[in-house]
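Student:
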Amino acid sequence: MRPATNFEQRLRNVYHLLSSNTAPDPCSSLYHAIAALGAFSPTLTRDVEKTRRVLELGGALRMATGPGRQVGEERLLQLLSGLAYECCLMVQEARKKSAPDSPPTQESPADPHEPMQVLRALAEFALGSLHFQRPRDAFDARRRGAAFSILSRIAHVMELPDALSLATAALRKPRSAESLAAAQFIETYLGSRNLAPDDEIVDRLLKLSEVTPSRATATTALEALVKIGAISDSEAWHRLDDWKQQHV
Numbered sequence: 035m036r037p038a039t040n041f042e043q044r045l046r047n048v049y050h051l052l053s054s055n056t057a058p059d060p061c062s063s064l065y066h067a068i069a070a071l072g073a074f075s076p077t078l079t080r081d082v083e084k085t086r087r088v089l090e091l092g093g094a095l096r097m098a099t100g101p102g103r104q105v106g107e108e109r110l111l112q113l114l115s116g117l118a119y120e121c122c123l124m125v126q127e128a129r130k131k132s133a134p135d136s137p138p139t140q141e142s143p144a145d146p147h148e149p150m151q152v153l154r155a156l157a158e159f160a161l162g163s164l165h166f167q168r169p170r171d172a173f174d175a176r177r178r179g180a181a182f183s184i185l186s187r188i189a190h191v192m193e194l195p196d197a198l199s200l201a202t203a204a205l206r207k208p209r210s211a212e213s214l215a216a217a218q219f220i221e222t223y224l225g226s227r228n229l230a231p232d233d234e235i236v237d238r239l240l241k242l243s244e245v246t247p248s249r250a251t252a253t254t255a256l257e258a259l260v261k262i263g264a265i266s267d268s269e270a271w272h273r274l275d276d277w278k279q280q281h282v
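So this note's numbering is basically just the index in the sequence shown, starting at one, shifted up by 34.
(1) Using the three-state DSSP reduction, which class does Met97 fall into: helix, strand or coil?
(2) For Ile265, I'd like the list of residues in its chain whose CB is within less than 6 Å of its CB, leaving aside the five on either flank, ordered along the chain.
(3) Note down, one range per segment and in chain order, each alpha helix (DSSP H) of at least 4 residues found wholly within the segment 36–68.
(4) Is it the case that the Cβ atoms of Lys261 and Leu205 are separated by a distance below 9 Å?
(5) Could you round the C-beta distance between Gln126 and His190 to whole angstroms and report it? I think they count as a contact, below 8 Å.
(6) Taking only three categories from DSSP, how would you classify His190?
(7) Return the Cβ separation of Glu148 and Arg86 in integer angstroms, given the expectation that the two are a contact with Cβ distance under 8 Å.
(8) Between which residues of its own chain and Ala94 is the CB-CB distance below 8 Å, once the five residues before and five after are set aside?
(9) Taking the alpha carbon of Gly100 as the point to measure from, which residue in Thr56, Phe74 and Cys122 has its own alpha carbon closest?
(10) Are Leu111 and Ser54 closer than 9 Å when you measure CB to CB?
(11) Grab me the residues of His281's own chain with a C-beta within less than 7 Å of its C-beta, minus the 5 sequence neighbours each way, in chain order.
(12) Can you tell me whether DSSP reads Ala175 as helix, strand or coil?
(13) Count the other CB atoms, across all protein chains shown, that sit within 10 Å of the CB of Leu229; report buried if there are 16 or more and exposed otherwise.
(14) Which of helix, strand or coil does DSSP assign to Arg129?
(15) Assuming Leu45 contacts Leu91 under a Cβ cut-off of 8 Å, what Cβ separation, rounded to an integer in Å, is found between them?
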């Protein structure tokens with residue numbers, strides 16, 4: 035059987051499960067059907083049209099209702115994050131060979147065309163996920179967190195100023211998983227470019243590290259502040275001790 039045909043069949047299988055209520059275990063069935071698409075990751079890194087078909091599936095999952103939707107969407111977002119990682123490795127390797135003295139985040143005429151196209155499509159999808167809204171959406175914070183994780187991968191090789199603005203705004207949500215991923219994105223984006231953070235980013239990261247009830251989020255915010263040169267390691271440790279006294 036030709037791989038292209040197999041790819042189409044597996045896509046159809048996911049769509050069928052999305053629209054069917056007859057699967058004995060819809061969560062498990064949808065999860066494994068989407069996981070099976072991971073076998074095509076090597077093809078997707080060099081085929082933006084097939085990648086767009088997978089992204090269309092992501093859009094359908096966002097809009098779907100019924101059992102298994104959140105499990106399926108989360109699995110697909112994990113697949114897309116892995117795809118972004120693989121494409122970034124290809125771009126970084128090409129840049130090391132063609133322009134070893136250039137900044138690793140600077141786009142180059144020697145960049146491999148297909149992986150860069152795929153990364154642009156993934157960035158557009160992730161930004162769309164950050165703007166997406168639906169009433170009473172229990173998966174919203176995890177979706178947005180996963181979108182920032184995808185963008186963190188892409189930030190190593192592409193400029194993403196809109197994502198930086200959205201991540202800065204997301205730091206206002208101390209109880210959301212989104213704020214942790216947003217802090218990680220800011221650390222990656224500014225740190226990989228050796229950019230000094232503006233006062234707003236520093237203030238919001240400091241505030242997040244103080245008020246969040248999540249130790250993981252507080253630690254991530256402080257690590258980001260250290261990485262971007264806003265505070266020292268010792269100050270981060272002192273602030274984490276202060277957090278423990280307030281929240282533990």
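We put the CB at the ideal spot given by N, CA and C, even for glycine.
On a predicted model such as this, the values are computed, not experimentally measured, just so you know.
Tutor: On the basis of the coordinates in this document:
(1) Position 63 of the sequence shown, counted from the first residue, corresponds to residue 97. Helix, per DSSP.
(2) On the sequence shown, position 231 is the one that residue 265 refers to. So the qualifying residues of the chain are Leu259.
(3) 37–53
(4) The residue given as residue 261 occupies position 227 in the sequence shown. The residue given as residue 205 occupies position 171 in the sequence shown. Going by C-beta atoms, Lys261 is not nearer than 9 Å to Leu205.
(5) As a working mapping, residue 126 is identified with position 92 in the sequence shown. As a working mapping, residue 190 is identified with position 156 in the sequence shown. Contact flag correct, Cβ pair sits at about 7 Å.
(6) Looking up residue 190 in the sequence shown gives position 156. Coil at His190, not helix or strand.
(7) Translated into the one-based positions of the sequence shown, residue 148 becomes position 114. Translated into the one-based positions of the sequence shown, residue 86 becomes position 52. Actually they do not touch by this definition, with Cβ atoms about 13 Å apart.
(8) What you label residue 94 is simply residue 60 of the sequence shown in a count that begins at 1. For Ala94, where only same-chain residues beyond five positions count, the Cβ hits under 8 Å are Tyr49 and Leu52.
(9) Within the sequence shown, residue 100 is the residue found at index 66, counting from 1. Here the closest residue by C-alpha is Thr56.
(10) Within the sequence shown, residue 111 is the residue found at index 77, counting from 1. Within the sequence shown, residue 54 is the residue found at index 20, counting from 1. Not closer than 9 Å, so no.
(11) Locating residue 281 in the sequence shown gives position 247, counting from the first residue. Result list for His281: Pro247, in chain order.
(12) Sequence index remark: in the sequence shown, residue 175 carries index 141 (1-based). Ala175: helix per DSSP, three-state reduction.
(13) On the sequence shown, residue 229 is found 195 positions in, with the first residue counted as 1. With fewer than 16 Cβ atoms within 10 Å of its Cβ, Leu229 is classed as exposed.
(14) Against the sequence shown, residue 129 aligns to sequence position 95. Reduced to three states, the DSSP call for Arg129 is helix.
(15) Here residue 45 refers to the residue found at position 11 when the sequence shown is read from its first residue. Here residue 91 refers to the residue found at position 57 when the sequence shown is read from its first residue. Contact flag correct, Cβ pair sits at about 6 Å.
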